[in-house]
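Asker: All letters in the sequence shown, in the order written, are residues 634 to 1133 by my numbering. Just so you know, even glycine gets a beta-carbon here, dropped at the ideal spot from N, CA and C. Please read these numbers as outputs of a predicted model, since none were measured by experiment. First the structure, then my questions, so here it is.
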Amino acid sequence: MKLSEDQKIEAVELLAEIEHRNTINPLLLHKYFPLQQLFAEDPTKTKFVCGGNRAGKSEGVARYVIEKCLSKDKQRWWVAGTTFQDSVTIQQTKIWGLCPKHRIKYGKYDVVNGFVNRKLLFDNGSLIVFKSFDQGRETFQGAGLHGVWLDEEPPLDIYQECKMRLLDFSGEMVVSMTSIRGMTELVTEIFEEYDTIKSQYADLVDKELPRIAVHGNTKLYFLWTQENIFINQERVIEEAKLLTTQEITSRIYGLPTTLTGRIYVKFNKQIHVLSSIEDMPAGKYTLYHVLDPHDRKPWFMTWWAVHRTGSCYCVDEYPNRNFNEMTFDDKTYEEYSEVIKAKERYLLGLFGVKEIHKRIIDPNFGNKTVQLVKRQGGSASTTPKKELAKRDLYYVDSNDALESGHLKVREGLHYEEKDGEIIVHPKLYWIATCDNSIRHMSRYSRKDIEGADGDVKDKVAPQEKYKDGADNTRYFYMSNPQYVEDRVVEEEIKKKYYVK
C-alpha cells in the first residue's frame, strides 16, 4: 500500500508524538515479560527475582519500584547495589530510563554520577534513596521504610538489617540476583528448603527447573535469559556451549547451586495436593500400604488409594506430626501393629473395601536381622517382616532400584498445561493432611552436586533429611499399583511365615 504525501506527514507526526510521550513517560510503552507480570501482581512481602544474565530482572524490578512509589503518597524506598558505581550503572540507569519525567519533583540525573545526593523525589512525596552494600551495615540502620530493593546478593547482615527497617509499615523486600557465588549464607538460608509452585523444561540442561517457588513467607521467581526477546538468542546458545551445566543453570536459568539438586522438581503443591479426600473422584478404590521401618527413628508409613482410572492418592500417613522433629519413636512391634490396624480399620470403612490389597516394605531394613531380648539361656533373632507377619500383617519387598525409581515417580508426577488448563493430568496425588509426605516430595534433594574444585559431580547420593517420604512414594509406585475389582488373597505370601 502506497501512502499519499499527507499520510506520510501524518505518520511522521504520529511517530514523533509517540517518541515525545515515551521520553516524558516511558512506562506507557514498557511491557513486563510474562513472569515479571506474575511477580508484579504478587502481594507477597518478600520476593526474590533470580535471573540469568540479561534476563530482565533489574529492569522489571525498577518499573515495579517506580509504580509502587507512584501508587501511594509519601512512600519511602531504599534501592541498593553492590557498590555505588553498580547502583549508578544498573539501578539508577534503569529507574531514570523508566520513570515519568513529569512526576519528578527533585532528582537531577547524569549518566556518570547518577542522581544528585543519591535521591529521587516524586511529586506525591514518595522518595527513593540509593545506597550500596560497601557502605556497611551501619548505614542501613534507623529508618522505617515501605520497601527495599537489593540488586545482586547482599551480605546476610545487610539483608537482615533491611528486613528490620520494614517492620513499621509492613513493607516489602525485593532482591534481584544472578547467583554465581555458590552456597553463601543468604543463599543457604533462603533456598535450602523450598517448595516448587511452577516448573518448566529447560532445553539447554535437558531437565525440569523451577520457575516459581516458595520458602516460608518468601516467593522466588526465576527469569530465563532465553525469554528476553531483545537479545540475540543464537548468541546465547553459542555462549552456552562454552559453559558447564552448573554455569548454564546459574547464568542462563538463574538458579542458585542448591536448587539444581532437587530430584522431583515437577512436584507442584497446586497440582499434586488435594484439600481433602472429598476432592478425590467418585467410585471404588484399591488400597495399598507402604512401610519404611527404622531402628533409630520413627517408622514412616503411607496408605494409598488407587482409582479405576489408575490415578493414585496418598490418603494417610504415619507419623501425623513433623517427622523431621522426631529423634526416635519408642514403639514396640505390637504397638506399631496396633497403629497400622487402627489406621486401616478407619480407611477400609471410609472407602468401603474389605482388605488392604497389598502391603509393601523397604527390603533393606524390613529383612534386617535384629536381636530380641534373651530367652531362657539364649537369644533370639528375627526380622521386622517376620515380627509383623506374626501379627497378621504380611508384606512383600519393594523394588529398591533408586535411579529407575526416580524416573518412574517423575512419570507419575508429569503433567502439562496449556492456556491455564491441565491437558495432561498426573497419576500421583496427595491429600493435604499428609504433611510429611508432601514436605519430603517437595524438598527431596541430592547432596552438594559441586565439588571443592567447582566441578559438578556425575553421581551424587540423595540427602537423608527428606528421603523417607520420597522413598515411600518410590516403593509404592515401583510396585506398579493397579485398581483391582475383586481382590484375591495372596496366600503365597502368608505361607512363607510359620508362627508357632
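Below 8 Å on the Cβ atoms is my contact criterion, and I expect Trp711 with Cys795 to pass it. Report the Cβ-Cβ distance as a whole number of Å.
Answerer: Here residue 711 corresponds to residue number 78 of the sequence shown, with the count starting at 1. Here residue 795 corresponds to residue number 162 of the sequence shown, with the count starting at 1. Correct: roughly 7 Å between the Cβ atoms.
Asker: Would you identify the three-state DSSP class for Val1117, choosing helix, strand or coil?
Answerer: For the purposes of this step, residue 1117 is identified with residue 484 of the sequence shown, where counting begins at 1. Here Val1117 carries a coil assignment [DSSP, helix/strand/coil].
Asker: Which residue from Ile823, Val923, Gln859, Thr679 puts its Cα closest to that of Leu837?
Answerer: Here residue 837 is taken as the residue at index 204 of the sequence shown, counted from 1. Ranking the options by Cα distance to Leu837, first place goes to Gln859.
Asker: Among Glu1054, Glu968, Tyr897, which has the Cα closest to the Cα of Ser832?
Answerer: Sequence index remark: in the sequence shown, residue 832 carries index 199 (1-based). Here the closest residue by C-alpha is Tyr897.
Asker: With distances taken from CA atoms, which of Leu853, His1058, Phe984 is nearest Gln669?
Answerer: Here residue 669 refers to the residue found at position 36 of the sequence shown. Looking at the Cα atoms, Leu853 is the closest of the given residues.
Asker: Which residue's Cα is closest to the Cα of Lys727: Asp706, Ser691, Asn861?
Answerer: Along the sequence shown, read from residue 1 onward, the residue named residue 727 stands at position 94. That would be Ser691, whose Cα lies nearest to the Cα of Lys727.
Asker: Excluding the five sequence neighbours on either side, which residues of its own chain have a C-beta within less than 8 Å of the C-beta of Val906, listed in chain order?
Answerer: Position 273 of the sequence shown holds residue 906. Here the set comprises Tyr1062, Trp1063, Ile1064, Ala1065, Ile1071.
Asker: Out of Phe1109, Arg1079, Gly1053, Ala1103, which one is the CA nearest neighbour of Pro1095?
Answerer: In the sequence shown, counting from the first residue as 1, residue 1095 sits at position 462. Cα-wise, what sits closest to Pro1095 is Arg1079.
Asker: Would a C-beta distance cut-off of 7 Å place Asp1031 and Tyr1108 closer than the cut-off?
Answerer: Taking the sequence shown and counting its residues from 1, the one referred to as residue 1031 is at position 398. Taking the sequence shown and counting its residues from 1, the one referred to as residue 1108 is at position 475. The amino acid at residue 1031 is misidentified as Asp; the sequence shows Ser. Their beta carbons are under 7 Å apart, which means Ser1031 touches Tyr1108 by this criterion.
Asker: What is the rounded straight-line gap between the Cα of Gln1115 and the Cα of Ile993?
Answerer: Residue mapping note: residue 1115 aligns to position 482 of the sequence shown, counting from 1. Residue mapping note: residue 993 aligns to position 360 of the sequence shown, counting from 1. Rounded to whole angstroms, Gln1115 to Ile993 spans 14 Å at the Cα level.
Asker: Quick one: Cα of Val1117 to Cα of Tyr979, how far?
Answerer: Start at 1 with the first residue of the sequence shown, and residue 1117 comes out as number 484. Start at 1 with the first residue of the sequence shown, and residue 979 comes out as number 346. Spanning the two alpha carbons is a distance of roughly 20 Å.
Asker: Taking the alpha helix (DSSP H) that His1039 falls in, what are its first and last residues?
Answerer: Numbered from 1 along the sequence shown, position 406 holds the residue referred to as residue 1039. In this chain, the alpha helix (DSSP H) harbouring His1039 covers 1035-1046.
Asker: Please report the straight-line C-alpha distance between Val745 and Ile845, rounded to a whole angstrom.
Answerer: Translated into positions along the sequence shown, residue 745 becomes position 112. Translated into positions along the sequence shown, residue 845 becomes position 212. Using only the alpha carbons, I get a separation of about 36 Å.
Asker: If the criterion is Cβ atoms closer than 7 Å, does the pair Lys840 and Gly758 meet it?
Answerer: Numbered from 1 along the sequence shown, position 207 holds the residue referred to as residue 840. Numbered from 1 along the sequence shown, position 125 holds the residue referred to as residue 758. Cβ atoms of Lys840 and Gly758: not closer than 7 Å.
Asker: Does DSSP classify Asp784 as helix, strand or coil?
Answerer: Stepping through the sequence shown from its first residue, residue 784 is reached at position 151. It is a strand residue.
Asker: According to the neighbour-count rule (16 or more other Cβ atoms, all chains shown, within 10 Å of its Cβ), is Gln768 buried or exposed?
Answerer: For the purposes of this step, residue 768 is taken as the residue at position 135 of the sequence shown. That one is exposed.
Asker: In the DSSP assignment, find the alpha helix (DSSP H) that holds Thr726 and state where it starts and stops.
Answerer: Stepping through the sequence shown from its first residue, residue 726 is reached at position 93. Per DSSP, Thr726 belongs to the alpha helix (DSSP H) from 726-731.
Asker: Going by C-alpha distance, which of Gly982, Tyr1028, Asp949, Val972 is nearest Asp1068?
Answerer: Position 435 of the sequence shown, counted from the first residue, corresponds to residue 1068. It is Asp949.
Asker: Are the stretch 788-808 and the stretch 729-748 in contact at 8 Å, needing three or more beta carbon pairs?
Answerer: No: the two stretches stay apart, fewer than three of their Cβ pairs being nearer than 8 Å.
Asker: Report back the beta-carbon spacing between Ser809 and Asp784 to the nearest angstrom; my notes put them in contact at under 8 Å.
Answerer: Numbered from 1 along the sequence shown, position 176 holds the residue referred to as residue 809. Numbered from 1 along the sequence shown, position 151 holds the residue referred to as residue 784. Right, their Cβ atoms sit about 5 Å apart.
Asker: Is the stretch 685-705 close to the stretch 748-764, with three or more CB pairs under 8 Å?
Answerer: yes
Asker: Can you tell me the Cα-Cα spacing of Pro914 and Lys764, whole angstroms?
Answerer: Against the sequence shown, residue 914 aligns to sequence position 281. Against the sequence shown, residue 764 aligns to sequence position 131. Each residue's alpha carbon lies about 55 Å from the other.
Asker: For the stretch 931-948 against the stretch 958-976, do three or more pairs of beta-carbon atoms, one drawn from each stretch, fall closer than 8 Å, so that the two count as touching?
Answerer: yes
Asker: Could you give the DSSP three-state label for Leu1021: helix, strand or coil?
Answerer: Taking the sequence shown and counting its residues from 1, the one referred to as residue 1021 is at position 388. Leu1021 falls in the helix class under three-state DSSP.
Asker: Could you spell out where the alpha helix (DSSP H) holding Arg1107 opens and where it closes?
Answerer: Residue numbering aside, residue 1107 sits at position 474 when the sequence shown is read from its first letter. 1100-1110 is the extent of the alpha helix (DSSP H) around Arg1107.
Asker: Can you tell me whether DSSP reads Phe802 as helix, strand or coil?
Answerer: What you label residue 802 is simply residue 169 of the sequence shown in a count that begins at 1. Note: Phe802 maps to coil in three-state DSSP.
Asker: Would you say Gln725 and Gly693 are within 7 Å of each other, going by their C-beta atoms?
Answerer: The sequence position of residue 725 within the sequence shown is 92, counting from 1. The sequence position of residue 693 within the sequence shown is 60, counting from 1. It is not a contact, given that the beta carbons lie outside the stated cut-off.
Asker: Which same chain residues, not among the five before or five after Lys1133, have their C-beta less than 7 Å away from its C-beta?
Answerer: Residue mapping note: residue 1133 aligns to position 500 of the sequence shown, counting from 1. With a pLDDT of 34 at Lys1133, under the threshold of 50, the predicted position of this residue should be treated as unreliable, though the coordinate-derived value follows. Around Lys1133: no qualifying Cβ.
Asker: Taking Ile989 as the reference, give the member of Val939, Ser908, Val869, Ile862 with the closest Cα.
Answerer: Taking the first residue of the sequence shown as 1, we reach residue 989 at position 356. Of the listed residues, the one whose Cα sits closest to Ile989 is Val939.
Asker: Rounded to whole angstroms, what's the CA-CA distance from Glu822 to Ile885? Just pull it up for me.
Answerer: Numbered from its first residue, the sequence shown carries residue 822 at position 189. Numbered from its first residue, the sequence shown carries residue 885 at position 252. Near 23 Å, if we compare the C-alpha coordinates of Ile885 and Glu822.
Asker: State the Cα-Cα distance for the pair Leu778 and Ser908, rounded to the nearest angstrom.
Answerer: As a position in the sequence shown, residue 778 is number 145, starting the count at 1. As a position in the sequence shown, residue 908 is number 275, starting the count at 1. Their Cα atoms are separated by approximately 37 Å.
Asker: If you scan the stretch 691-773 from start to end, which runs of the beta strand (DSSP E) of 3 or more residues do you find wholly inside it?
Answerer: 709-714, 737-739, 752-755, 760-765
Asker: Give me the DSSP bridge partner(s) of Ser1075.
Answerer: Position 442 of the sequence shown, counted from the first residue, corresponds to residue 1075. When beta bridges are read from the DSSP output, Ser1075 appears opposite no residue.
Asker: CB Tyr792 to CB Leu753, shorter than 7 Å?
Answerer: In the sequence shown, counting from the first residue as 1, residue 792 sits at position 159. In the sequence shown, counting from the first residue as 1, residue 753 sits at position 120. Going by C-beta atoms, Tyr792 is not nearer than 7 Å to Leu753.
Asker: Starting from Gln859, follow the alpha helix (DSSP H) in both directions and report where the run begins and ends.
Answerer: Counting from one through the sequence shown, the residue named residue 859 turns up at place 226. Where Gln859 is concerned, there is no enclosing alpha helix (DSSP H), given that its DSSP letter is neither H nor E.
Asker: What number of angstroms, rounded off, separates the C-alpha of Asn1105 from the C-alpha of Val1029?
Answerer: Sequence index remark: in the sequence shown, residue 1105 carries index 472 (1-based). Sequence index remark: in the sequence shown, residue 1029 carries index 396 (1-based). The straight-line gap from Cα to Cα measures roughly 14 Å.
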